[in-house]
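Participant: Residue numbers for the sequence shown follow the numbering used here, beginning at 2 and rising by one.
Built from N, CA and C at the ideal position, the CB exists for glycine as well.
Computed from a predicted model, the values in this text were never measured in an experiment.
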Amino acid sequence: MSTLVSPELEQQAIGWRRHLHANPELSFEEVETSRFVEETLGSFDGLEIGRPTPTSVVATLRGARPGRVLALRADMDALPIQEETGLEFASTRAGVMHACGHDGHTAMLLGAAKVLAGRRDELAGELRFLFQHAEETPPGGARELVAAGVMDGVDLVVGAHLASLKPVGTIGVPVGPMAAAADIFTAEVRGEGGHAAAPHKALDPVVVAAQVVTNLQHLVSRTVDPIASAVVSVTLFHAGTAGNVIPEAVQLGGTVRTFDPEIRRSVRVGMERIFRGITEAHGATFTLDYQEGYNAVVNDPAAAELVAAAARAELGDAAMIEVEPIMGGEDFSAYLEKAPGAFFWVGAGHEDAIPHHHPRFTIDEAALRSGIAVFVRTALDYLA
Ligand code: NI
2 MSTLVSPELE QQAIGWRRHL HANPELSFEE VETSRFVEET LGSFDGLEIG RPTPTSVVAT
62 LRGARPGRVL ALRADMDALP IQEETGLEFA STRAGVMHAC GHDGHTAMLL GAAKVLAGRR
122 DELAGELRFL FQHAEETPPG GARELVAAGV MDGVDLVVGA HLASLKPVGT IGVPVGPMAA
182 AADIFTAEVR GEGGHAAAPH KALDPVVVAA QVVTNLQHLV SRTVDPIASA VVSVTLFHAG
242 TAGNVIPEAV QLGGTVRTFD PEIRRSVRVG MERIFRGITE AHGATFTLDY QEGYNAVVND
302 PAAAELVAAA ARAELGDAAM IEVEPIMGGE DFSAYLEKAP GAFFWVGAGH EDAIPHHHPR
362 FTIDEAALRS GIAVFVRTAL DYLA
């Protein structure tokens, strides 16, 4: 078991996490959270602390000798969910909850910063601790931090996410794709309203939009290489006000998830083709608003191996688990456009635990210790 994290530090990290959990803030509103992080970092030795955006914090630790630059990242925002855990440190803010574990991410990176600040003499190079706002809400805080220059000169970037459905004590470091590009779309199919008993005098947009929805399913099943992957989900379909009225229009919306940029592009082009072709065939019209969200997170093989080796060294071979890529999105990808890196999972529960983004989501706080140990060992190895 790792000796990098003292029992005292582990308790302190749990305390930070509970404070943040009780005081969650939504994306772009992390005013008190960022103040707490800034103050806590200020109590460690030798950190230069900056505020690249109003609700983010970046701390720099310069090693004793020159060398490479490593960025470590945690996200800090909560979700618009009413907490139902009944925990003694449950959210004190109505309708806002740390239901994805970002409170834990922040506590882990604070813990790593504390340990590493105390071992500055062992470091060649520079560490940058990125406490990022607004991961949950596109366009996301990562892009803003990159624009503010936090990745300038960075050679490698590493981030982590707790995973309530993976056993506590385990670490997963995928090689290659690990989180999908997450795009959203809204659309409208317009016909002509009328009396439901006289469809021939109207142009029913419901039947046309229904054809659009079923044809969209052909994009993944018939145009994407079956070995690759993509998701097209239509999640909104709104029309009509009465049983005897054909509506004027149908509102649609949904999401597209891909890993490969070429598949992402071809799915988007295919969607436009299907909307155009189906509506034209029936004399209807459409509008389609397609918004690109976060890019896919693709782990660099060498960076993934560095993190995996750190995890094996601190937690043992048995801690390593195989993890599949997820179709969820993560704005960590914005950093990967500037430098290679790796994003790893920290097991924080068990297989039938409550999933993330749920009102009863919880983590096993023993996970914090694992996450801190992997961050610290990765930094010590990379800046040796
Ligand atoms: Ni999250």
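#1: Need the endpoints of the beta strand (DSSP E) that His-162 sits in, please.
#2: Have a look at the DSSP bridge pairing and note the partners of Arg-66.
#3: Within this structure, are the beta carbons of Ala-79 and Glu-145 separated by less than 8 Å?
#4: What separation, rounded to the nearest whole angstrom, lies between the Cα atoms of Arg-258 and Val-299?
#5: What is the DSSP secondary structure of Phe-37, counted as helix, strand or coil?
#6: Please report the residue range of the alpha helix (DSSP H) in which Phe-105 lies.
#7: So does His-99 have its beta carbon nearer than 7 Å to some heavy atom of the ligand NI?
#8: With distances taken from CA atoms, which of Ser-334, Gly-372, Ile-327 is nearest Glu-348?
#9: Could you tell me whether any non-hydrogen atom of the ligand GTP is closer than 7 Å to the CB of His-162?
#10: Is Glu-136 close to the ligand NI? I mean its beta-carbon at under 7 Å from any heavy atom of the ligand.
#11: Bridge partners for Asp-290 per DSSP, in chain order?
#12: Measuring straight from C-alpha to C-alpha, what distance separates Val-70 and His-219?
#13: Could you give the DSSP three-state label for Phe-276: helix, strand or coil?
#14: Does the Cβ-Cβ distance between Thr-280 and Val-190 come in under 8 Å?
#15: On a CA-only basis, which of Leu-204, Ile-322, Ala-23 is nearest Met-98? Give me that one, please.
#16: Measuring straight from C-alpha to C-alpha, what distance separates Gly-342 and Val-308?
#17: In whole angstroms, what separates the C-alpha of Arg-36 from that of Val-116?
#18: Thinking Tyr-336 and Ala-143 are a contact (beta carbons under 8 Å), I'd like their distance in whole angstroms, please.
#19: Please classify Gly-175 as buried or exposed, where buried requires at least 16 neighbouring CB atoms within 10 angstroms.
#20: Give the secondary structure of Phe-376 by DSSP, where H, G and I count as helix, E and B as strand, and everything else as coil.
#21: Take the Cβ of Gly-284 as the centre, count every other Cβ of all protein chains shown within 10 Å, and call the residue buried at 16 or more, exposed below.
#22: Mapping DSSP to helix, strand and coil, what is Arg-74?
#23: Which full runs of the beta strand (DSSP E) of 3+ residues lie inside the stretch 289 to 368, going along the chain?
#24: Alpha carbon to alpha carbon, how far is Met-77 from Ala-107? Give it in angstroms, no decimals.
#25: Three-state secondary structure (DSSP) at Ile-228?
#26: Note down the Cα distance separating Phe-132 from Lys-202, rounded to an integer number of angstroms.
#27: Can you give me the start and stop residues for the alpha helix (DSSP H) that Gln-218 sits inside?
#28: Going by C-alpha to C-alpha distance, which of Pro-262, Gln-252, Ala-297, Glu-39 sits closest to Phe-276?
#29: Helix, strand or coil: how does DSSP classify Pro-8 here?
#30: Touch check for the stretch 220 to 228 and the stretch 160 to 169: three-plus C-beta pairs under 8 Å?
#31: Assign Thr-236 to buried or exposed, taking buried as 16 or more other Cβ atoms, counted over all protein chains shown, within 10 Å of its Cβ.
#32: Who are Ser-234's beta bridge partners in DSSP?
#33: Could you give the DSSP three-state label for Gln-133: helix, strand or coil?
#34: Provide the residue(s) that pair with Ile-82 in DSSP beta bridges, ordered along the chain.
#35: Which same chain residues, not among the five before or five after Ala-311, have their C-beta less than 7 Å away from its C-beta?
#36: Using only CA atoms, which one of Phe-29, Ala-367, Lys-339 lies nearest to His-351?
Facilitator: In this structure, then:
#1: Here the beta strand (DSSP E) through His-162 covers 157 to 168.
#2: Looking at the DSSP output, Arg-66 sits in a beta bridge with Ala-125.
#3: Not closer than 8 Å, so no.
#4: So the alpha carbons of these two residues sit roughly 14 Å apart.
#5: In this structure, Phe-37 counts as helix in the three-state DSSP scheme.
#6: Residue identity differs from the one stated: residue 105 is Gly in this sequence, not Phe. Note, Gly-105: alpha helix (DSSP H), 103 to 118.
#7: No, the Cβ of His-99 stays beyond 7 Å of every heavy atom of the ligand NI.
#8: Per the sequence shown, residue 348 should be read as Gly rather than Glu. Measuring from the Cα of Gly-348, the nearest candidate turns out to be Gly-372.
#9: The ligand GTP is not among the ligands present in this structure, which contains only the ligand NI.
#10: At least one heavy atom of the ligand NI is nearer than 7 Å to the Cβ of Glu-136, so yes.
#11: Thr-187, per the DSSP bridge assignment.
#12: Taking the straight line from one Cα to the other gives about 46 Å.
#13: In this structure, Phe-276 counts as helix in the three-state DSSP scheme.
#14: Between Thr-280 and Val-190, the gap from beta carbon to beta carbon is short of 8 Å.
#15: The closest CA to that of Met-98, considering only Leu-204, Ile-322, Ala-23, is found on Ala-23.
#16: CA-to-CA, the gap between Gly-342 and Val-308 works out to about 10 Å.
#17: One C-alpha to the other measures close to 21 Å.
#18: Correct: roughly 6 Å between the Cβ atoms.
#19: The question names Gly, but residue 175 in the sequence shown is Pro. Per the 10 Å Cβ criterion, buried.
#20: Here DSSP, grouped into helix, strand and coil, assigns Phe-376 to helix.
#21: Exposed, by the Cβ-count rule.
#22: The answer is strand: DSSP assigns Arg-74 an E or B state.
#23: Whole beta strand (DSSP E) segments, 3+ residues: 298 to 300, 342 to 350.
#24: According to the sequence displayed, residue 107 carries Thr and not Ala. Going by the C-alpha atoms only, they are around 6 Å apart.
#25: When DSSP states are grouped into helix, strand and coil, Ile-228 belongs to the coil group.
#26: Distance between the alpha carbons of Phe-132 and Lys-202 is about 60 Å.
#27: Its alpha helix (DSSP H) spans residues 206 to 219.
#28: With respect to the C-alpha of Phe-276, the residue from Pro-262, Gln-252, Ala-297, Glu-39 having the closest C-alpha is Gln-252.
#29: In the structure shown, Pro-8 adopts helical secondary structure according to DSSP, grouped into three states.
#30: Under the three-pair Cβ rule at 8 Å, the stretch 220 to 228 does not count as touching the stretch 160 to 169.
#31: Looking at its Cβ environment, which holds fewer than 16 other Cβ atoms inside 10 Å, Thr-236 is exposed.
#32: Its beta-bridge partners are Thr-256.
#33: Strand.
#34: BP columns for Ile-82 are empty, so no partner.
#35: Contacts found: Val-375, Arg-378, Thr-379, Asp-382.
#36: Checking every option, the nearest Cα to that of His-351 belongs to Ala-367.
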